[in-house]
Amino acid sequence: MSEPLVVSRETTIGTSAEALWAWHASPGAFERLRPPWERVAIVARSAPGLVEGLRVTLRVRRGPISVQWTARHDGVRPGEGFVDVQEHGPFTSWRHEHRFVAGVGNTQLEDTIAVRPPFGALGMLVAGPLLRRMLTRMLRYRHDITRHDLEQQMTTPLAPMRIAITGASGMVGSALVPFLTAQGHTAVPVSRRPAPGGIQWDPASGTLDAAAFEGLDAVIHLAGENIAGERWTDSRKAALRESRVGPTALLARTLASLQRPPKVLISASAVGIYGDQGDAALSESARPADDFLGRLGAAWEAAAEPARQAGIRVVHPRFGIILTPEGGALAKMLPTARAGISGPLGSGDQWMSWIALDDVLGALHHLLAHSEVSGPVNTVTPSPVRNRDFATTLGAVLGRPAVLPVPAFALKLLFGEMAEATLLASTRVVPTVLESSGYQFRYPTLEAALRHLLGR
Numbered sequence: 002m003s004e005p006l007v008v009s010r011e012t013t014i015g016t017s018a019e020a021l022w023a024w025h026a027s028p029g030a031f032e033r034l035r036p037p038w039e040r041v042a043i044v045a046r047s048a049p050g051l052v053e054g055l056r057v058t059l060r061v062r063r064g065p066i067s068v069q070w071t072a073r074h075d076g077v078r079p080g081e082g083f084v085d086v087q088e089h090g091p092f093t094s095w096r097h098e099h100r101f102v103a104g105v106g107n108t109q110l111e112d113t114i115a116v117r118p119p120f121g122a123l124g125m126l127v128a129g130p131l132l133r134r135m136l137t138r139m140l141r142y143r144h145d146i147t148r149h150d151l152e153q154q155m156t157t158p159l160a161p162m163r164i165a166i167t168g169a170s171g172m173v174g175s176a177l178v179p180f181l182t183a184q185g186h187t188a189v190p191v192s193r194r195p196a197p198g199g200i201q202w203d204p205a206s207g208t209l210d211a212a213a214f215e216g217l218d219a220v221i222h223l224a225g226e227n228i229a230g231e232r233w234t235d236s237r238k239a240a241l242r243e244s245r246v247g248p249t250a251l252l253a254r255t256l257a258s259l260q261r262p263p264k265v266l267i268s269a270s271a272v273g274i275y276g277d278q279g280d281a282a283l284s285e286s287a288r289p290a291d292d293f294l295g296r297l298g299a300a301w302e303a304a305a306e307p308a309r310q311a312g313i314r315v316v317h318p319r320f321g322i323i324l325t326p327e328g329g330a331l332a333k334m335l336p337t338a339r340a341g342i343s344g345p346l347g348s349g350d351q352w353m354s355w356i357a358l359d360d361v362l363g364a365l366h367h368l369l370a371h372s373e374v375s376g377p378v379n380t381v382t383p384s385p386v387r388n389r390d391f392a393t394t395l396g397a398v399l400g401r402p403a404v405l406p407v408p409a410f411a412l413k414l415l416f417g418e419m420a421e422a423t424l425l426a427s428t429r430v431v432p433t434v435l436e437s438s439g440y441q442f443r444y445p446t447l448e449a450a451l452r453h454l455l456g457r
């Protein structure tokens, strides 16, 4: 049999081997380590936890093709490492060794993958170079995530908490749940459908199980309809308001009525509250705009007042454009950007205040830990960019041109008021509170963020 293809990566992480092991053994680690460009889901596990002989069956999608892959965990040594071995799957053989080598004040994370593609020497000749690139970018992503998560755990220690999360199945919530569980917390989803260990609510009818919130440590409220999901009609505007203001007020009143309320309510908001402000640098003290998004944002934040009046610390992360290839603005841009037919929107002069999804998670963890922070918090990087520069940077990361502008009149024709308020508005926001409270951004520059998110 021919020699396998071997790909390795080593990273020094400022934590103990025991903490690195505990992070890998946590329920959220698999989701944290899955690159966002890969379509992989767990189908079955033979046992909870990271134990000898554990079998995990995955479904891997590549375009229209879907395959099942079963791996067995061997050589499980708590605090030292473990090995994944393919039992059934797409390769002739697969062995992934994870080693945690303790040092002085740090631990060396070592990953080595030895794989044989199908069809022997011919398969290696044809698929080997592509497979090497895929595994190299996967390990780079995994090591970046592991290092950042563990270093945040060390620099921002937070005792284990029980945290209720509304919108847990949304773009941010579905990433936040595994992040928090990998950090040692318990995430309690709040949803309209019954879920094991979750809390059921129906904001439309004003139904919420107050008793289920007794004794929780924190609530993170993310639920709300997508602002840019479709053209704004009067009925759409009403739906956007109803999905934000009513549920927030219901939640805040419920928390205020509790005997043992959570210490903090983190209730989402957005930088759209500032409106089109040209080149002005906008801190949290800037006034809301007198337009639809400004009035909506002000009402959304004000709806949490009952919780604030009851002595609960209330924080409003004002999210900028959240970047992830799995949803939101970036996911919509990628098809045309990859085809080389993208470019600036309108003049391209408008400022875009953005943040990588991993920094959203890090910022939320930071806000849980910093009890001195309350009120609005601009949740954006310190490096906003003009729209034309965003398009150019995305094109450069993808290796594609980005020179075809989309005229402003075409956007207004297609999307009406929504285009003017979201796509063409210039909002240059600065994260004054996050920076002054000590948050360290993982990806403060756009190119670094896009290369991480896209594995380039």
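Using this note's numbering, read the sequence shown as starting at 2 and increasing by one per residue. Quick reminder that beta carbons are idealized off the backbone N, C-alpha and C, glycines included.
Annotation: L412 to I274 spans about 21 Å, alpha carbon to alpha carbon.
Every unbroken stretch of the alpha helix (DSSP H) spanning 4 or more residues and falling wholly within the segment 126-187 is given here in chain order: 174-183. Here T108 really is in contact with S17; their C-beta atoms are around 6 Å apart, less than 8 Å. With 16 or more neighbouring CB atoms inside 10 Å of its own CB, Q184 falls in the buried class. Beyond the five residues adjoining it in sequence on each side, F92 comes within less than 8 Å, by CB distance, of V116, R117, P118, P119 in the same chain, given in chain order. A128 and G396 have their C-alpha atoms some 27 Å from each other. Within the segment 341-418, the runs of beta strand (DSSP E) that reach at least 3 residues and sit entirely inside it are, in chain order, 355-357, 376-380. Separation of V61 and R35 (C-alpha to C-alpha, rounded to the nearest whole angstrom) is 11 Å.
Straight across, the Cα-Cα distance linking L324 with W233 is about 23 Å. In terms of CA proximity to G207, A250 leads the group S372, E88, A250, I313. Here L365 really is in contact with I221; their C-beta atoms are around 6 Å apart, less than 8 Å. Closest in C-alpha terms to V431, from the list V378, A420, R452, comes V378. Annotation for L140: R10, D112 place their beta carbon closer than 6 Å to its own, counting only its chain and skipping 5 residues before and after. Of the other Cβ atoms in all chains shown, 16 or more fall within 10 Å of the Cβ of P318; this residue is therefore buried. Within its own chain, the residues whose Cβ lies closer than 7 Å to the Cβ of L241, once the five positions on either side in sequence are excluded, are E226, I228, L297, listed in chain order. Taken through DSSP and simplified to helix, strand or coil, A239 comes out as helix. Secondary-structure assignment with DSSP links D292 through no beta bridge to anything. Relative to Q260, the option among A305, G82, A213, L425 whose CA is nearest is A213. Under the three-state reduction of DSSP output, F92 falls in the coil class, being neither helix nor strand. The continuous beta strand (DSSP E) containing F320 extends over residues 314-320. Burial check for I14: the Cβ neighbour count within 10 Å reaches 16 or more, so the residue is buried.
Shown here, E11 sits in a strand according to DSSP, grouped into three states.
Residue pairing by DSSP puts L110 in a beta bridge opposite T12, F101. When the beta-carbon positions are compared, P248 and L256 stay at least 8 Å from each other. Excluding the 5 residues flanking it on each side, R40 has same chain C-beta neighbours closer than 8 Å at V61, R62, R63, in chain order. Annotation for W233: no beta strand (DSSP E) segment contains it, and DSSP assigns it neither H nor E. The beta carbon of G104 sits closer than 8 Å to the beta carbons of T13 from its chain, once the five residues preceding and following it are set aside; these are given in chain order. For G76, the enclosing beta strand (DSSP E) stretches over residues 66-78. A422 is a Cβ neighbour of L294, given a cutoff of 8 Å. Secondary structure at F214: helix, using DSSP grouped into helix, strand and coil. Per DSSP, the unbroken alpha helix (DSSP H) holding L451 starts and ends at 447-455. A distance of 8 Å or more separates the beta carbons of G376 and S354. DSSP places T433 in the uninterrupted alpha helix (DSSP H) bounded by 433-437.
In the DSSP assignment, V57 falls outside any alpha helix (DSSP H) and lies within the beta strand (DSSP E) extending over 56-63.
Taking the C-beta atoms as reference points, V191 is found no nearer than 8 Å to S268. When DSSP states are grouped into helix, strand and coil, P336 belongs to the helix group.
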